[in-house]
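I have placed the structure first, in the form of structure tokens, so that the comments after it can refer back to it.
Numbering (the working numbering), first residue to last: 35 to 339.
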């Protein structure tokens, strides 16, 4: 065994290969070439004098030794990095790439200003942002494409750690034009069944959640004219007078400030809440930059910054 030639870089690359079970995926995640990752793994195996992966039908299968090494690395690398950061103090320069997922409107309104402040303080940090629904973030976090993600309420894979950071109020909104000449009393079941609607997904889950919360009604006949996977798109269709739809409170406030004069339905008085949570794999080895940015975004979203 010759451990003199083993360095932290070998171990960090090993962690990525062990988690993804793929040299190619690890190379893409670490911004290296596939041959480069293979060379690092060979150097690590040669230095340790043990086999870490079996090649079975063109698939990587971790050995028992690899599982033992991964468990040690999970605790050891984080501790070493933290100690080095503390020793370097204010001279430590955060750097590297961080992949983040987020819902479009929450990301744009709440997270991006926080992220911009962080990046100004740490010019060597680069971020790759991905917008999408929780279903997409679930897969991207599991595959290692993202370091962490912010998601709406959704049952994520049990391997993913979830921590609530923000509650946004959701309002059913319509243009003044859409309110005219309905011929039935407003805010009744019959009234809402005369409206046209826009939602984000087929099956109008968010609309039905709003009606269940405010009217205790599950089986309304809803005339959904459009589905748009974008909050700004939904807002534009509402403002055009085509349909009513559900918008987050921070966007409603922004549109009101711009003079939109939208009508928001009061319902039962207590707004429907949508929880935003941060999610990530606890066993993932975070870089110092990813860990610092995660902390800043969570604090800022909670209003603790």
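Don't be surprised by glycine CBs; every beta carbon is placed ideally from N, CA and C. Because the structure is a prediction, the values reported are computed rather than measured.
From the options, residue whose alpha carbon lies closest to that of residue i
i	options	result
residue 183	162, 63 and 203	162
residue 177	322, 64 and 304	64
residue 244	62, 83 and 303	303
residue 226	105, 312 and 207	207
residue 104	246, 55 and 286	55
residue 209	333, 275, 223 and 173	275
residue 129	331, 333 and 327	327
residue 238	74, 298 and 278	278
residue 43	66, 332 and 58	66
residue 221	214, 169 and 300	300
residue 106	144, 88, 52 and 142	52
Segment limits, beta strand (DSSP E) that includes residue i
i	result
residue 262	Residue 262 -> no beta strand (DSSP E), and no H or E assigned at all.
residue 94	93 to 96
residue 230	230 to 233
Distance CB(residue i)-CB(residue j) smaller than 8 Å
i	j	result
residue 335	residue 132	no
residue 194	residue 218	no
residue 17	residue 313	In the structure as shown, the chain begins at 35 and stops at 339. Residue 17 is therefore absent and cannot be evaluated.
residue 48	residue 94	no
residue 307	residue 203	yes
residue 285	residue 262	no
residue 73	residue 57	no
residue 99	residue 84	yes
residue 305	residue 140	no
residue 298	residue 205	yes
residue 135	residue 82	no
residue 187	residue 309	yes
residue 331	residue 45	no
Where the alpha helix (DSSP H) containing residue i begins and where it ends
i	result
residue 224	223 to 226
residue 352	Outside the shown range of the chain, which is 35 to 339, sits residue 352, and nothing can be said about it.
residue 64	57 to 64
residue 89	Counting along the chain, residue 89 falls outside any alpha helix (DSSP H), though it belongs to the beta strand (DSSP E) covering 87 to 90.
residue 218	Unbroken run through residue 218: none, as it is neither H nor E.
residue 45	42 to 54
residue 281	No alpha helix (DSSP H) contains residue 281, which is instead part of the beta strand (DSSP E) from 279 to 282.
residue 249	239 to 249
Any chance you could list the beta strand (DSSP E) runs of at least 3 consecutive residues sitting entirely within the segment 123 to 198, in chain order?
Considered as a whole, the segment 123 to 198 harbours 130 to 136, 159 to 165 and 182 to 185 as its complete beta strand (DSSP E) runs of no fewer than 3 residues, in chain order.
Inter-stretch contact (C-beta, 8 Å, three-pair minimum) for the segment 188 to 204 and the segment 149 to 164
No: fewer than three Cβ pairs fall under 8 Å.
Is there contact here, the segment 270 to 280 with the segment 312 to 326, by at least three beta-carbon pairs under 8 Å?
Contact between the segment 270 to 280 and the segment 312 to 326 is absent: fewer than 3 CB-CB pairs across the two stretches fall below 8 Å.
Write down every uninterrupted run of the beta strand (DSSP E) in the segment 291 to 322 whose length is 3 residues or greater and which is fully enclosed by it, in chain order.
Segments of the beta strand (DSSP E) lying fully in the segment 291 to 322: 306 to 314.
If contact is defined by three or more beta carbon pairs under 8 Å, each pair taking one atom from either stretch, is the segment 247 to 261 in contact with the segment 223 to 230?
Yes: at least three Cβ pairs fall under 8 Å.
Assess, as a yes-or-no matter, whether the segment 284 to 300 is touched by the segment 75 to 83 under the definition of 3 or more beta carbon pairs within less than 8 Å.
Cβ pair count under 8 Å is below three, so no.
Per the contact definition of three or more C-beta pairs closer than 8 Å, is the segment 241 to 252 in contact with the segment 153 to 162?
Because the criterion of three Cβ pairs below 8 Å is not met, the segment 153 to 162 and the segment 241 to 252 do not touch.
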